[in-house]
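Each remark here refers to the structure printed beneath this line.
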Ligand SMILES: Cc1cc2nc3c(=O)[nH]c(=O)nc-3n(C[C@H](O)[C@H](O)[C@H](O)COP(=O)(O)OP(=O)(O)OC[C@H]3O[C@@H](n4cnc5c(N)ncnc54)[C@H](O)[C@@H]3O)c2cc1C
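Residue numbers (my numbering): 224 to 600.
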């Protein structure tokens, strides 16, 4: 069987690896060189966590994904995942904290709840204000996104996959039980095609009608005051809920700490190729105000600012499944700001769906048909 993967980014790299390891003839296409920072895989760090506030259906998938991150790291021979845990911080009665508690209770996960005094000892980088709690998910951690994509593509190529870098796919056409990939160099026919173009999905006709929206993220890096704080091998990744709301990552560069604040920085983007490379003063001020409010271990002026994008679906859950029942085209996109942690499993599932036509994993809540049903109603 010959299978194409359109988009060798976060999910496409993982799908390509699974296909190649399964003995399938796999060909990946990417507009750029895999590992690039223009899409959803840039910015040097991602959060992994299992006590998942977004939806409890994800918890079994996250536990499986964690196993796959460990084996990917072993196969890659380099550290891609830092098992430092994940802290969710905010007012004790905030719905975001309650959703984390509920997900942990529903699935029997270990979750530690620290008060101000305990948090000061365990996670001094994230001091609590009166009435706040810190929930510690010990299975959480930090993932290195660019390193993961590059390592995965290398493993896929070693297992026999071909990668056509700097080759944009212009169209994917169903042709009976096969599919055709169109590039500026011509057309290639495949038994199956997996389409995972991330923020660029709307460029392909097959996503017309899904109402998918690319969004811009702005990441800001603030210098540490104490060179021993926010240590990558010890400090949990953190999500703050309430006011301010942001995610915060231990220091990867040994100098600064990345903060991604929700608010004016998180905006719609018409075209991912138009992603602005600089941002307005309001966005910097918003991020700096968040740091000043609750991160006393950081200077309050960023030394690095960068923009990235991801693709959102209307309900902020991915599209993972056949384009329509029986189609030779499987779509895996719109991971809506939370797809990285699940990438090894989602890539594997996309490959299973394409090759075998089914998966044993319960991903019915991600079926693309949920939006097609809405359109027809
Ligand atoms: C700043 C930021 C922070 C995030 N934080 C987290 C986090 O902490 N935890 C978490 O789990 N998730 C997080 N996410 C979300 C997660 O990173 C994304 O959901 C995930 O990376 C999406 O992967 P993807 O494969 O859909 O897109 P991408 O990784 O962007 O891959 C798409 C690939 O397709 C290629 N492509 C597109 N169109 C074509 C075409 N026509 N022909 C050929 N190639 C094409 C692109 O060049 C690209 O390489 C974050 C996202 C961002 C942007």
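Virtual Cβ for every residue (Gly too), placed ideally from N, Cα, C.
*Between residue 589 and the rest of its own chain, which residues show a CB-CB distance below 8 Å, the 5 nearest in sequence each way excluded?*
Closer than 8 Å at the Cβ level, and outside the excluded window around residue 589, lie 540, 541, 542, 543 and 544.
_Measuring straight from C-alpha to C-alpha, what distance separates residue 535 and residue 439?_
The alpha-carbon atoms of residue 535 and residue 439 are separated by roughly 10 Å.
*asked:* For residue 236 and residue 379, which I take to be in contact (beta-carbon distance under 8 Å), what is that distance rounded to the nearest angstrom?
replied: 7 Å
*Measure from the alpha carbon of residue 476 to the alpha carbon of each residue in 495, 367, 384 and 333, then state which is nearest.*
367
_Assumed close pair residue 470, residue 234 - CB separation to whole angstroms, cut-off 8 Å_ = At roughly 20 Å, the Cβ-Cβ gap does not stay under 8 Å, so residue 470 and residue 234 are not in contact.
*For residue 514 and residue 272, the rounded distance between their alpha carbons*: Cα-Cα distance, rounded: 23 Å.
*asked:* Can you tell me whether residue 499 is buried or exposed? The criterion is at least 16 other CB atoms within 10 Å of its CB, across all chains shown.
replied: exposed
*Residues near residue 581 in its chain [Cβ-Cβ closer than 8 Å; skip 5 each side]*: Leaving aside the five residues that flank residue 581 on each side, the residues in its chain whose CB is nearer than 8 Å to its CB run, in chain order, 575.
*Which runs of the alpha helix (DSSP H), 4 residues or longer, sit entirely within the segment 457-538?*
504-517
*For residue 442, the residue or residues it bridges with in DSSP*: 529
_Top-ranked residue by Cα proximity to residue 572, from 287, 468 and 437_ = 287
_Beta-ladder partner(s) of residue 226, from DSSP_ = Looking at the DSSP output, residue 226 sits in a beta bridge with 249 and 415.
*asked:* I want to know whether the segment 245-253 touches the segment 426-437 - three or more CB-CB distances under 8 Å.
replied: no
*Can at least three beta-carbon pairs, one atom from the segment 295-309 and one from the segment 358-376, be found at a separation below 8 Å?*
yes
*Can you have a look at residue 448 and say buried or exposed, based on whether 16 or more other CB atoms are within 10 angstroms of its CB?*
exposed
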